[in-house]
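A.B. asks:
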Amino acid sequence: MAVADAGTIELGGKTVNRLGFGAMRITGPGIWGPPKDTDEALKVLRRAVELGVTLIDTADSYGPYVSEDLIHKALHWQVGGENYGDVVVATKGGLTRHGPDVWPPLGRPEYLRQCILMSLRRLDVDQIDLWQLHRIDAKTPREEQFAEIKSFVDEGLTKQIGLSEVSVEEIKAAQDAGLDIASVQNRYNLVDRAAEDVLDFCEANGIAFIPWAPVASGDLAKPGGALDKVKQDHPGVTTSQLAIAWLLRRSPVMVPIPGTGSVAHLEENLGAADVQLSDEEFEALSNAA
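Note that full-length UniProt numbering has the sequence shown beginning at 1, numbered continuously upward.
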């Protein structure tokens, strides 16, 4: 298994491998509270880095706070170099939590500032590598949100800024407000390509595109489906690995971050870096959904 075979991209002020880890599922059910097995969650984080993951994506709302705390406990000063070594820890803010699976956005400037300051404390760093606005809050003028976020960069609280679940128009509005957008994190996978225009914009402008829910494949993974058919020519390869391999092939700015709370599932997902799709297989999967 060679995660580096997935290719690299510049993000968070470092060169990272394009197959990262999403740290949402190391929390409890409903992304609420601690995981059922804390030791396993810590092993997942450490194993990810051992296997070559250099981008870990989290958020203050995962738990809330639990994911960031676990990352700190598992990796801070333990992966070589200062703080997290060569690992970029990207986090997000801008959502509140009122219970399991409840995620109301809140974009008031003072709350966004609280989000980043508390993430700095939990991760125990002087500067966040990549801080992302989890959602643009429709109840607060987006110009106010962008202005506050720009101050985070100006003050050195974060190296780079990203956005999540945005349109091309919203990315352009953020850029017009003076934000240098380093990444966009939208839902995107084989069966949900609603963000295709956003991906194309990111590729044209050198912005990293981080797809969440990257392995969703629906009927394509069922017997007789497109993924299942391709799988027949790849002994030992899973449909999830094929779905991730397709994403990596789709664009050089694509940075999948499959997440899990299991070491075994982690190793399976990262094995996608070793999967090579032929031109015909890539086209078949591209045209299947």
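Here a beta-carbon is modelled for each residue, glycine too, at the ideal position from N, C-alpha and C. What you are looking at is a predicted structure, and each value in this text was computed from that prediction instead of being measured.
If contacts are defined as beta-carbon pairs under 8 Å, then T140 and R108 qualify, I think. What distance do you get, rounded to the angstrom?
C.D. replies: Along the sequence shown, one-based indexing puts residue 140 at 140. Along the sequence shown, one-based indexing puts residue 108 at 108. The Cβ separation is near 5 Å, so the contact holds.
A.B. asks: Considering only the beta carbon of each residue, do V89 and I71 sit closer than 8 Å?
C.D. replies: Looking up residue 89 in the sequence shown gives position 89. Looking up residue 71 in the sequence shown gives position 71. The answer is yes: Cβ separation under 8 Å.
A.B. asks: Quick check: the segment 252-259 against the segment 203-212, are there 3 or more CB pairs under 8 Å?
C.D. replies: A contact exists between the segment 252-259 and the segment 203-212.
A.B. asks: For the segment 187-204 against the segment 138-156, are there 3 or more C-beta pairs whose distance is under 8 Å?
C.D. replies: The segment 187-204 vs the segment 138-156: no contact.
A.B. asks: Do G63 and T27 have their CB atoms nearer than 8 Å?
C.D. replies: Locating residue 63 in the sequence shown gives position 63, counting from the first residue. Locating residue 27 in the sequence shown gives position 27, counting from the first residue. Cβ atoms of G63 and T27: closer than 8 Å.
A.B. asks: State whether the segment 233-253 contacts the segment 24-43, with contact taken as three or more CB pairs (one from each stretch) at a distance under 8 Å.
C.D. replies: In short, these stretches do not touch, since the Cβ pair count stays below three.
A.B. asks: Let me check understanding here. Comparing Cα to Cα, which of W131, G99, F21, D233 lies closest to S164?
C.D. replies: Translated into positions along the sequence shown, residue 164 becomes position 164. Looking at the Cα atoms, W131 is the closest of the given residues.
A.B. asks: For W77, which option in S61, L199, D124, A204 has the closest C-alpha, if you only look at C-alpha atoms?
C.D. replies: Against the sequence shown, residue 77 aligns to sequence position 77. If we check each option's Cα against that of W77, D124 comes out closest.
A.B. asks: What residues match up with N17 in a beta bridge as DSSP calls it?
C.D. replies: Translated into the one-based positions of the sequence shown, residue 17 becomes position 17. DSSP, once it has assigned bridges, lists T8 as partnering N17.
A.B. asks: Go ahead and label T260 buried or exposed: buried means 16 or more other beta carbons lie within 10 angstroms of its beta carbon, across all protein chains shown.
C.D. replies: Sequence index remark: in the sequence shown, residue 260 carries index 260 (1-based). It counts as buried.
A.B. asks: At 3 residues or longer, and completely inside the segment 153-241: list those beta strand (DSSP E) runs for me, N to C.
C.D. replies: If we require 3 residues or more, the beta strand (DSSP E) runs fully inside the segment 153-241 come out as 158-164, 181-185.
A.B. asks: Which one or two residues does DSSP pair with A90 in a beta bridge?
C.D. replies: Along the sequence shown, one-based indexing puts residue 90 at 90. D57, L130.
A.B. asks: What residues are listed by DSSP as bridge partners for L95?
C.D. replies: On the sequence shown, position 95 is the one that residue 95 refers to. P105, per the DSSP bridge assignment.
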